[in-house]
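Enquirer: Keeping their order, the protein sequence lines are chains A and B. Under my numbering, think of the first position of the first sequence as 2, with each following residue one higher. Under my numbering, think of the first position of the second sequence as -7, with each following residue one higher. No residue lacks a Cβ here, since even glycine has one placed at the ideal position from N, Cα and C. The structure follows.
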Amino acid sequence: MPESPMMIGRVTRCSTRGFVGAMQISENTLPVFGSLCQAEAQGGRSYVVGLVYDISITDDQFARQLAALDEVPQEQIADGQLNRQVPVEFSALAVGFHDDDGFHQSLPPQPPLTLASVFSMVPEDSVDFTSRLHFLQMILNAHQLPVDELLATTLRLSAQARPEEEHERFLLQAGREVARLLAQDLTRLENILRGLRIKE
Amino acid sequence: MGIHLPSLLPQMQELGQALYERSLQVSAMIPKAIKALHFTAELDHSDLQSKIKKAGDRWTGAIPTEETLNLTFPPPTAPQGLHVIGADGSQIYPDRHAAAFYYLINVGSIVVSHGSGEAPTIQQESRLFFEIEDLYDEADHPVQNAYVNLRRDVAEMKTLAERAESLAGEQTLAILDNSLLLWMALQTGGSTSRETDLYLQQYLKLLDRLRSSKAGLAGFIDRPRSVSVLALIHLAGLPDGQITQETLRLTPFRGLTDRAIFTKLLPPGHRSALFISASPLNRDFRTAGHEVYFFYLNTDADGTVVRVEIPIWVAQDPGLLNRVHAGILKDCQTTGGFPYTLVRAHEVAVIPAQERAAFEDMLQRTLLGHGLRPTQSQKALTKQLTGQRKQHRL
């Protein structure tokens, strides 16, 4: 477990395949699509590694009424963003877990429980977890998700977690692994490889 | 089984037809009522006061003030750095069929500092009442829901007073989502008048604290059904010799409300003249220095007319009166004529069904943890079982 991870929310629904977390709105702590996070499981003895694939804000008729106005006072915008009990929901795909033996890239033995804390993964742990790429197959198997964008974004963020001189080497290695996994589907492969380019 | 829709459908048609016909009758009354209001405004003030005296203590109309009663008053400029406090409450009533006999009062409040750009500050206070003295009145009867409402109203006013005191010296307006008159004090059923009086005295002391904090105070009543101004204009039209309880009851404006006539009279942002509530309860408020005045206010361009109640120390201070008038309008700008602070205070205070279920679940586990076996009454259990049955949707 990293030394000072940032808590981004608490689990509201979960299974061994993934979990959904909720949080109060705050742009600073909003999780990012494709980022890695960890949720406590097994009474704190392990952490499920999740990959954020969806972030949604609950529909709210009052906010909709305010949004339709020409001008909304700054206090009311701040109230809506900081105070109102409108949680942001984020969904994460389980791609591994961490226990006393370190990171594992397979489904966790148990899901986190309701209200378990969810933390963003610090760069050191992200580098450690993505030093092996078996989890890419788990992403490709998640058919109902925006897999191609998720995979490309995750690899790009994982590259950025490394020192600058290692970015290219990591992306090349990841690109080769993706090519191996998608050897039968060249159109998708091209799409993902295009997404792997770090935007300047 | 739910409601029997086939038998209700014809009744619904009758209801629609009846309401349509009533709306035509009411519309026809409005010009007459407005004419009568102008007539009343022309009457000599002392003559009108003499008629009110003749009407007696049981008359609950509106008592006119020095303001000409058919005048309208345009919106004043809102003060800079205005803090608006809103408070609202909700409750779980005592239920003898539940796993435990208790009640809960939840009060939510918010302070919006207009023009600051800062997020408002929110407070929520939840309190559980479970002691014998909370649950039974002096005659050993279980407390009625009206008694819980009374305690909730006092708790709301306490929150407003505390938050106003924390802003003493600032331009502050405290808004209550209710009448300022503690109506529940008249409706506490089985509870003894001594207990009711105790809470009334507490409430009046809280008004003292609000007055000392120099905050403007207003009770905001949306869609009021009051007919007190209509009662006044009916009284004004009666010859002195014909003012009796019988003639006072025979108003030609039956079915009409004050709101209907002020919707026609008040341009957006304007308020009506000030009136004094002739409610018997207002005598206690008068004695304590908090006699309740009121005016009608058009809070938005769509003609939303509300009733605003203020204590005498706001009514007689032009600065505070303007602060209430302009502050409410400012707070209503984005929320369709209802104050933003009250929308949010309600949202903070309300106990959604899911939260209530989670609370009751926690309570049952707590009781089990103390070696108690929480059981609902057989009636409550069977209601739950039958209520869970899936219904076929139409």
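1) Is it buried or exposed for Pro344 (chain B), if we count other Cβ within 10 angstroms and need 16 for buried?
2) How is Thr243 (chain B) classed by DSSP in three states: helix, strand or coil?
3) Give me the DSSP bridge partner(s) of Phe351 (chain B).
4) Flag Val104 (chain B) as yes if its beta-carbon sits less than 8 Å from any beta-carbon of chain A, otherwise no.
5) Within 8 Å of any Cβ in chain A, is that where the Cβ of Ser220 (chain B) sits?
6) Taking Cβ-Cβ distances shorter than 9 Å, what residues in chain A pair up with Ile268 (chain B)?
7) So the beta strand (DSSP E) Gln163 (chain B) belongs to, where does it begin and stop?
8) Give the single residue among A:Ser47, A:Gln66, A:Leu116, A:Ala79 whose Cα lies nearest to the Cα of Phe104 (chain A).
9) To the nearest angstrom, how far is it from the Cα of Leu63 (chain B) to the Cα of Ile253 (chain B)?
10) If you follow the alpha helix (DSSP H) that Leu(-3) (chain B) is part of, which residue opens it and which one closes it?
11) DSSP puts Phe254 (chain B) in a beta bridge; with which residues?
12) Would you kindly check if the distance between the Cβ of Ala156 (chain B) and the Cβ of Ala147 (chain B) is under 8 Å?
13) Tell me the DSSP secondary structure of Asp200 (chain B) in three-state form.
14) Measuring CA to CA, which of A:Ala93, A:Asp149, A:Arg177 is closest to Arg133 (chain A)?
15) Starting from Ala210 (chain B) and walking both ways along the beta strand (DSSP E), at which residues does that stretch end?
16) Tell whether a beta-carbon distance below 8 Å holds between Val148 (chain A) and Phe91 (chain A).
17) By the 8 Å beta-carbon criterion, what residues does the region 63 to 91 of chain A contribute toward chain B?
18) Which residues bound the alpha helix (DSSP H) around Gly1 (chain A)?
19) Rounded to the nearest angstrom, how far is the Cβ of Ala143 (chain A) from that of Leu94 (chain A), given a contact under 8 Å?
20) May I ask which residues mark the beginning and end of the beta strand (DSSP E) holding Gly97 (chain A)?
21) Would you list the one or two residues that DSSP bridges to Leu96 (chain B)?
22) Indicate the three-state DSSP secondary structure (helix, strand or coil) for Leu248 (chain B) in the structure shown.
23) Using only alpha-carbon positions, find the residue among B:Leu96, B:Ala337, B:Ala90 that is nearest to Gly83 (chain B).
24) Using a Cβ-Cβ cutoff of less than 6 Å, which residues in the same chain neighbour Met139 (chain A) once the five nearest sequence positions on both sides are dropped?
25) Nearest by alpha-carbon distance to Val119 (chain A): which of A:Pro32, A:Thr17, A:Arg18 is it?
26) Look at the Cβ atom of Gly53 (chain B), then the Cβ atom of Ala223 (chain B), and state whether they are nearer than 8 Å.
27) So with CB distances below 8 Å, who are the chain A contacts of Ala345 (chain B)?
28) Give the secondary structure of Leu289 (chain B) by DSSP, where H, G and I count as helix, E and B as strand, and everything else as coil.
29) Tell me which residue opens and which closes the alpha helix (DSSP H) that Glu169 (chain A) is part of.
30) Closer than 6 Å by C-beta to Ala23 (chain A): which residues in its own chain qualify, once you throw out the five before and the five after it? Chain order, please.
31) In angstroms with no decimal places, state the Cα-to-Cα distance between Arg278 (chain B) and Ser108 (chain B).
32) Judging by CA-CA distance, which residue of A:Glu191, A:Glu167, A:Arg163 is the nearest neighbour of Leu152 (chain A)?
33) From the DSSP output, which residues share a beta bridge with Met24 (chain A)?
34) Identify the residues that DSSP records as bridge partners of Glu41 (chain A): which are they?
35) Against Val316 (chain B), what residues of chain A qualify as contacts under a CB-to-CB distance less than 7 Å, listed in chain order?
36) Does Val12 (chain A) come out as helix, strand or coil in the three-state DSSP assignment?
Expert: The answer reads as follows:
1) Working through the second sequence from its first residue, we reach residue 344 (chain B) at position 352. With fewer than 16 other Cβ atoms within 10 Å, it is exposed.
2) What you label residue 243 (chain B) is simply residue 251 of the second sequence in a count that begins at 1. The answer is coil: DSSP assigns Thr243 (chain B) none of H, G, I, E or B.
3) If you number the second sequence from 1, residue 351 (chain B) lands on position 359. Its beta-bridge partners do not exist; DSSP assigns none.
4) For the purposes of this step, residue 104 (chain B) is taken as residue 112 along the second sequence, with counting starting at 1. Closer than 8 Å to some Cβ of chain A, the Cβ of Val104 (chain B) qualifies, so yes.
5) Counting from one through the second sequence, the residue named residue 220 (chain B) turns up at place 228. No, its Cβ sits nowhere closer than 8 Å to a Cβ of chain A.
6) The sequence position of residue 268 (chain B) within the second sequence is 276, counting from 1. What Ile268 (chain B) touches in chain A: nothing, since even the nearest Cβ is about 35 Å away.
7) Residue mapping note: residue 163 (chain B) aligns to position 171 of the second sequence, counting from 1. Gln163 (chain B): member of the beta strand (DSSP E) spanning 163 to 168, first to last residue.
8) On the first sequence, position 103 is the one that residue 104 (chain A) refers to. Here the closest residue by C-alpha is A:Ser47.
9) For this step, residue 63 (chain B) is matched to residue 71 along the second sequence. For this step, residue 253 (chain B) is matched to residue 261 along the second sequence. If I take the Cα positions, the gap works out to 13 Å.
10) Counting from one through the second sequence, the residue named residue -3 (chain B) turns up at place 5. Its alpha helix (DSSP H) spans residues -3 to 34.
11) Residue 254 (chain B) sits at position 262 when you count from the first residue of the second sequence. Paired residues: none, contrary to the question.
12) As a first step, residue 147 (chain B) is located in the second sequence; it is residue number 155 there, counting from the start. As a first step, residue 156 (chain B) is located in the second sequence; it is residue number 164 there, counting from the start. No; because the gap between Cβ atoms is not below 8 Å, this pair is not in contact.
13) To locate residue 200 (chain B), count along the second sequence from 1; it is residue 208. Residue state for Asp200 (chain B) is assigned as helix, using DSSP reduced to three classes.
14) In the first sequence, residue 133 (chain A) corresponds to position 132, counting from 1. Answer by Cα proximity: A:Arg177.
15) Residue mapping note: residue 210 (chain B) aligns to position 218 of the second sequence, counting from 1. 208 to 213 is the span of the beta strand (DSSP E), which, as asked, contains Ala210 (chain B).
16) By 1-based counting over the first sequence, the position of residue 148 (chain A) is 147. By 1-based counting over the first sequence, the position of residue 91 (chain A) is 90. No, the Cβ-Cβ distance between Val148 (chain A) and Phe91 (chain A) is not below 8 Å.
17) Phe63, Gln66, Leu67, Leu70, Val73, Pro74, Gln75, Glu76, Gln77, Ala79, Asp80, Gln82, Leu83, Asn84, Arg85, Gln86
18) With chain A covering only 2 through 201, there is no way to say anything about residue 1 (chain A).
19) Numbered from its first residue, the first sequence carries residue 143 (chain A) at position 142. Numbered from its first residue, the first sequence carries residue 94 (chain A) at position 93. That pair is a contact at about 5 Å.
20) Locating residue 97 (chain A) in the first sequence gives position 96, where the first residue counts as 1. Unbroken beta strand (DSSP E) run through Gly97 (chain A): 89 to 100.
21) As a working mapping, residue 96 (chain B) is identified with position 104 in the second sequence. Answer is B:Ile84, B:Leu120.
22) The sequence position of residue 248 (chain B) within the second sequence is 256, counting from 1. In this structure, Leu248 (chain B) counts as coil in the three-state DSSP scheme.
23) Taking the first residue of the second sequence as position 1, residue 83 (chain B) is located at position 91. Rather than Gly, the amino acid found at residue 83 (chain B) in this sequence is Gln. Nearest C-alpha to Gln83 (chain B): B:Leu96.
24) Taking the first residue of the first sequence as position 1, residue 139 (chain A) is located at position 138. Closer than 6 Å at the Cβ level, and outside the excluded window around Met139 (chain A), lie Val96.
25) By 1-based counting over the first sequence, the position of residue 119 (chain A) is 118. For Val119 (chain A), the closest alpha carbon among the candidates A:Pro32, A:Thr17, A:Arg18 is that of A:Pro32.
26) Within the second sequence, residue 53 (chain B) is the residue found at index 61, counting from 1. Within the second sequence, residue 223 (chain B) is the residue found at index 231, counting from 1. Yes. Within cutoff.
27) Against the second sequence, residue 345 (chain B) aligns to sequence position 353. Near Ala345 (chain B) there are no residues of chain A at all, since even the closest Cβ is about 15 Å away, more than 8 Å.
28) On the second sequence, position 297 is the one that residue 289 (chain B) refers to. If DSSP states are grouped into helix, strand and coil, Leu289 (chain B) belongs with the strands.
29) Stepping through the first sequence from its first residue, residue 169 (chain A) is reached at position 168. Counting along the chain, the alpha helix (DSSP H) containing Glu169 (chain A) begins and ends at 168 to 182.
30) Position 22 of the first sequence holds residue 23 (chain A). If we look at Ala23 (chain A) and ignore the five residues flanking it on each side, its Cβ neighbours are Gly10, Thr13, Pro88, Glu90.
31) As a working mapping, residue 278 (chain B) is identified with position 286 in the second sequence. As a working mapping, residue 108 (chain B) is identified with position 116 in the second sequence. Their Cα atoms are separated by approximately 37 Å.
32) Sequence index remark: in the first sequence, residue 152 (chain A) carries index 151 (1-based). Cα-wise, what sits closest to Leu152 (chain A) is A:Glu191.
33) By 1-based counting over the first sequence, the position of residue 24 (chain A) is 23. Partner(s): A:Val89.
34) Here residue 41 (chain A) refers to the residue found at position 40 of the first sequence. A:Tyr48.
35) Start at 1 with the first residue of the second sequence, and residue 316 (chain B) comes out as number 324. In chain order: nothing, as chain A lies at least about 19 Å away.
36) Residue 12 (chain A) sits at position 11 when you count from the first residue of the first sequence. Three-state result, Val12 (chain A): strand.
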